[in-house]
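Numbering (the working numbering), first residue to last: 10 to 138.
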């Protein structure tokens, strides 16, 4: 479903921010989380913020990649090539992604016995992001 209705015109129970506050962030789709960061869509008569979030995920995932993996590795150029995403929206998304990476790195690592290359790769994979 593509959203053309402005978020402000949605019933309050359907709006991403209100749903996050009521039900928690885990209840939102990735597109809805992006919509909260984006704040606005493409403008009157075009995609809403939720629709733009869906478009971003669709564009990033078009090369047989998982959209979340593509989002993790996205560049400012990649984002600004998407209609409706300018430098301000791109930097907001990139800042949120970096904040998430830093939070993940701040979690104390579990003590793992590394006796296999696969275990070493898994333990260090978050540092390679």
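For glycine and all other residues, C-beta sits at the position ideal for the given N, C-alpha and C. Being a predicted model, the structure only gives us computed values, none of them experimental.
Where residue i falls: helix, strand or coil (DSSP)
{"i": "residue 51", "result": "coil"}
{"i": "residue 83", "result": "coil"}
{"i": "residue 102", "result": "helix"}
{"i": "residue 28", "result": "helix"}
Contact set for residue i: own chain, Cβ-Cβ below 8 angstroms, skip 5 residues either direction
{"i": "residue 119", "result": "none"}
{"i": "residue 36", "result": "28 and 29"}
{"i": "residue 83", "result": "69, 102, 103 and 106"}
{"i": "residue 34", "result": "42"}
Whether residue i touches residue j by CB criterion (8 angstroms)
{"i": "residue 70", "j": "residue 41", "result": "no"}
{"i": "residue 58", "j": "residue 52", "result": "no"}
{"i": "residue 105", "j": "residue 46", "result": "yes"}
{"i": "residue 77", "j": "residue 64", "result": "no"}
{"i": "residue 123", "j": "residue 132", "result": "yes"}
{"i": "residue 39", "j": "residue 66", "result": "yes"}
Cβ-based neighbour list, residue i, same chain, cut-off 7 angstroms, excluding 5 preceding and 5 following
{"i": "residue 79", "result": "69 and 70"}
{"i": "residue 21", "result": "27"}
{"i": "residue 48", "result": "58"}
{"i": "residue 92", "result": "51"}
Own chain partners of residue i with C-beta closer than 6 angstroms, once the 5 adjacent residues on each side are dropped
{"i": "residue 9", "result": "Only positions 10 to 138 of the chain appear in this structure, which leaves residue 9 out of reach."}
{"i": "residue 44", "result": "25, 58, 59 and 62"}
Inset, instruction - Mind the definition here: the region 96-116 touches the region 79-88 only if three or more C-beta pairs lie below 8 angstroms; say whether that holds. - result: yes
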